[in-house]
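Peer 1: In this text, residue positions in the sequence shown follow numbering that gives the first Met the number 0: the first is 0, and each later residue adds one. Mind having a look at this structure? Questions to follow.
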Amino acid sequence: MEIKIGITQSTREITVESDLDAQQLKELVDSALTNRTPLVLEDGQRRVVVPADSIAYVDSGPSTQGRVGFGIS
């Protein structure tokens, strides 16, 4: 799953590939926001830690593979 985290007061977002399912991600985000603890995600190569106060939004969906050319879908 591809997870995008928007950061408050920043125009950039953090993108992480994860094996979490939607329910597991929701529980992690809910826990971080409720307890005001950092959201910690790992993707096998790195660990991403986002302070709960800095989370603007969390967007998730299937992993996307890079496209080349002008494909029509």
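Here a beta-carbon is modelled for each residue, glycine too, at the ideal position from N, C-alpha and C. None of the values given here were measured: they were computed from a predicted structure.
Counting along the chain, where does the alpha helix (DSSP H) carrying Q14 start and finish?
Peer 2: The question names Gln, yet the displayed sequence has Thr at residue 14. Unbroken run through T14 is the beta strand (DSSP E), 12 to 16; no alpha helix (DSSP H).
Peer 1: Please name the residue, chosen from T63, P61, Y56, that lies closest to S9 on a Cα-to-Cα basis.
Peer 2: Cα-wise, what sits closest to S9 is Y56.
Peer 1: Run through DSSP, which three-state label would D58 get?
Peer 2: If DSSP states are grouped into helix, strand and coil, D58 belongs with the strands.
Peer 1: Considering only the beta carbon of each residue, do E1 and S53 sit closer than 7 Å?
Peer 2: Not closer than 7 Å, so no.
Peer 1: DSSP puts G5 in a beta bridge; with which residues?
Peer 2: Its beta-bridge partners are E12, Y56.
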